[in-house]
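Student:
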Amino acid sequence: MILHLYIARRFMVAFGIVLAVFVAILLPIDMADQLRRLGTDQGFVAVLQLALLNLPRSLNGLMPLFVMLATLILFLGLARTSELVVVRASGRSALKSAASPVVVALIIGGLSLLILNPLVAATARQYDVTLARLLGSESRSVSVTGQGLWLRQGVGSEQTVIRASATNSEGTHLFDASFFTFDADGLLLERMDAREALLERDAWTLTDVKRWPVAGSLNAEADARRFETLLLPSTLTAEQIRDSFGDPETVPIFELPAFIRQLNDAGFAALQHRTWFQMQLSSPLLLAAMVLIGAGFTMRHTRFGKTGVMVLSAILLGFGVVFIRRFAEVLGESGQVAAPLVAWTPPIAAILLALGFLLHTEDG
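So the sequence shown is numbered by full-length UniProt numbering: it starts at 1 and just counts up by one.
(1) Enumerate in chain order the residues of its own chain whose CB-to-CB distance from residue 81 is below 8 Å, with the five nearest sequence positions on each side excluded.
(2) Taking the CB atoms as reference points, tell me whether residue 253 and residue 274 lie closer together than 7 Å.
(3) Is there contact between the segment 177–194 and the segment 210–222, where contact requires at least three CB pairs shorter than 8 Å?
(4) So that I know if they touch, is there some Cβ in chain D lying closer than 7 Å to that of residue 236?
(5) Contact check, residue 98 vs residue 291 under 8 Å by CB: the rounded distance?
(6) Tell me, please, whether the segment 20–30 touches the segment 47–57 by the rule of three or more beta-carbon pairs shorter than 8 Å.
(7) Take residue 359 as the anchor and find which of 293, 257, 181 has the nearest alpha-carbon.
(8) How about residue 313 and residue 297: do their beta carbons lie closer than 7 Å?
(9) Suppose contacts are defined by Cβ-Cβ distances below 7 Å. Is residue 231 in contact with residue 197 by that definition?
(10) For the candidate residues 115, 71, 132, 120, whose alpha-carbon lies nearest to that of residue 102?
(11) Leaving out five residues before and five after residue 361 in sequence, what residues of the same chain have Cβ atoms less than 7 Å from its Cβ?
(12) Can you tell me whether residue 165 is helix, strand or coil according to DSSP?
(13) Smallest Cα separation from residue 49: which of 60, 35, 59?
(14) Could you have a look at residue 12 and say whether DSSP puts it in helix, strand or coil?
(15) Would residue 129 and residue 11 be called neighbours here (beta carbons separated by less than 7 Å)?
(16) Output the residue ranges of the beta strand (DSSP E) runs that lie fully inside the segment 288–335 and measure 3 residues or longer, sorted by chain position.
(17) Using a 10 Å radius around the Cβ and a threshold of 16 neighbouring Cβ atoms, would you call residue 241 buried or exposed?
(18) Quick one: using the 10 Å Cβ neighbour count with 16 as the cut-off for buried, is residue 16 buried or exposed?
(19) Between the alpha carbons of residue 96 and residue 6, how many angstroms are there, rounded?
(20) My assumption, with CB atoms under 8 Å, is that residue 282 sits in contact with residue 113. Please give the rounded CB distance.
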């Protein structure tokens with residue numbers, strides 16, 4: 001038990017060092033990127049604020065790399081001081097020596113889900129809002145609630161708020177839709193209710209419409225008129241509607257199931273959010289796989305040589321696993337493969353591969 005705690009402590013120290021180094025590297029790089037994006041008109045405080053808000057998202061995405069590097073530092077250090085030789089001479093297998101770093105990696109993955117994920121969601125949302133404010137653009141034009149789908153579009157000086165009970169997967173065919181048009185001062189000009197609304201090029205085609213001219217009317221109901229079809233100019237596109245749901249990272253993992261249900265109720269498939277949810281749940285296994293891969297290549301004495309080759313091989317294999325996982329994520333988002341399959345298969349396969357390699361090289 002004492003040996004397990006010792007190795008676990010060494011691993012946590014290595015992980016902390018790697019994390020601190022990458023924070024020191026990423027923050028100036030992100031500040032330079034924000035300065036390029038915003039230009040010299042914004043001050044240092046605004047650039048630093050954006051960089052700090054974007055930092056948790058960057059760190060979360062690089063977590064597998066941090067764990068891999070911490071594993072390499074740990075076992076290379078133990079091998080250099082011949083501590084691994086002593087451990088093996090005491091009768092402990094390679095798997096037992098790697099057990100404590102694996103447990104620590106699983107704990108790091110669990111804490112990332114419980115703490116870092118909500119932090120990333122909050123800072124990512126604030127980053128998008130702050131960046132949109134500094135650039136003078138709208139941050140979002142679509143939202144989904146329990147009451148249905150809400151959209152916003154601007155045509156000239158007027159703003160139109162759209163509510164629909166349901167839609168198709170693209171968000172371009174609305175059902176039971178209401179259109180509320182406001183002037184530049186926020187006063188309601190008119191309301192239109194349509195049984196269906198189809199977004200075509202530069203316009204909504206409304207079917208079975210009732211129109212209330214609110215502005216300048218003493219009795220809007222009496223002045224209401226019905227139309228079989230009606231065209232309403234629009235600046236929205238299908239791509240803008242899809243992109244306006246934002247990155248799934250902006251939704252905390254605890255709120256994702258409810259958000260996915262709301263998207264489904266509104267008519268969206270929510271494939272991207274489903275896949276992201278499963279990917280997050282499987283992330284602790286990915287970190288454990290990084291530990292086993294790193295251990296398999298570095299749990300050997302330095303006198304055998306080729307240390308650089310082994311380290312490079314471990315890093316390349318780790319990147320390969322992450323690349324395959326990213327590719328599988330794309331398949332899940334497109335609906336070609338089920339979300340649980342694309343999320344859980346790569347880390348489980350990587351763990352089995354690393355275990356086989358570890359047993360072959362150390363215990364075989």
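Every residue gets a Cβ at the ideal spot worked out from N, C-alpha and C, and that includes glycine.
Tutor: Here's the rundown:
(1) Translated into positions along the sequence shown, residue 81 becomes position 81. None.
(2) Mapped onto the sequence shown, residue 253 falls at position 253. Mapped onto the sequence shown, residue 274 falls at position 274. Against a cut-off of 7 Å, the Cβ pair of residue 274 and residue 253 comes out as no contact.
(3) yes
(4) You won't find chain D in this structure, because it holds only one protein chain.
(5) If you number the sequence shown from 1, residue 98 lands on position 98. If you number the sequence shown from 1, residue 291 lands on position 291. So it is a contact: roughly 7 Å between Cβ atoms.
(6) With a cut-off of 8 Å, the segment 47–57 and the segment 20–30 count as touching, because enough Cβ pairs lie within range.
(7) Indexing the sequence shown from 1 puts residue 359 at position 359. In terms of CA proximity to residue 359, 293 leads the group 293, 257, 181.
(8) Counting from one through the sequence shown, the residue named residue 313 turns up at place 313. Counting from one through the sequence shown, the residue named residue 297 turns up at place 297. Yes, the Cβ-Cβ distance between residue 313 and residue 297 is below 7 Å.
(9) Within the sequence shown, the letter at position 231 stands for residue 231. Within the sequence shown, the letter at position 197 stands for residue 197. Going by C-beta atoms, residue 231 is not nearer than 7 Å to residue 197.
(10) Taking the first residue of the sequence shown as position 1, residue 102 is located at position 102. Here the closest residue by C-alpha is 71.
(11) Along the sequence shown, one-based indexing puts residue 361 at 361. Same-chain partners within the cutoff: 296.
(12) Residue numbering aside, residue 165 sits at position 165 when the sequence shown is read from its first letter. If DSSP states are grouped into helix, strand and coil, residue 165 belongs with the strands.
(13) Here the question's residue 49 lines up with position 49 in the sequence shown. It is 35.
(14) For the purposes of this step, residue 12 is identified with residue 12 of the sequence shown, where counting begins at 1. The answer is helix: DSSP assigns residue 12 an H, G or I state.
(15) The residue labelled residue 129 in the question sits at position 129 within the sequence shown. The residue labelled residue 11 in the question sits at position 11 within the sequence shown. Against a cut-off of 7 Å, the Cβ pair of residue 11 and residue 129 comes out as no contact.
(16) none
(17) Taking the first residue of the sequence shown as 1, we reach residue 241 at position 241. Using a 10 angstroms sphere on the CB of residue 241, the tally of other CB atoms reaches 16 or more, which defines it as buried.
(18) Within the sequence shown, numbered from 1, the residue matching residue 16 stands at position 16. Label assigned to residue 16: exposed.
(19) On the sequence shown, position 96 is the one that residue 96 refers to. On the sequence shown, position 6 is the one that residue 6 refers to. For residue 96 and residue 6, the distance between alpha carbons rounds to 13 Å.
(20) Here residue 282 refers to the residue found at position 282 of the sequence shown. Here residue 113 refers to the residue found at position 113 of the sequence shown. 10 Å between Cβ atoms; not a contact.
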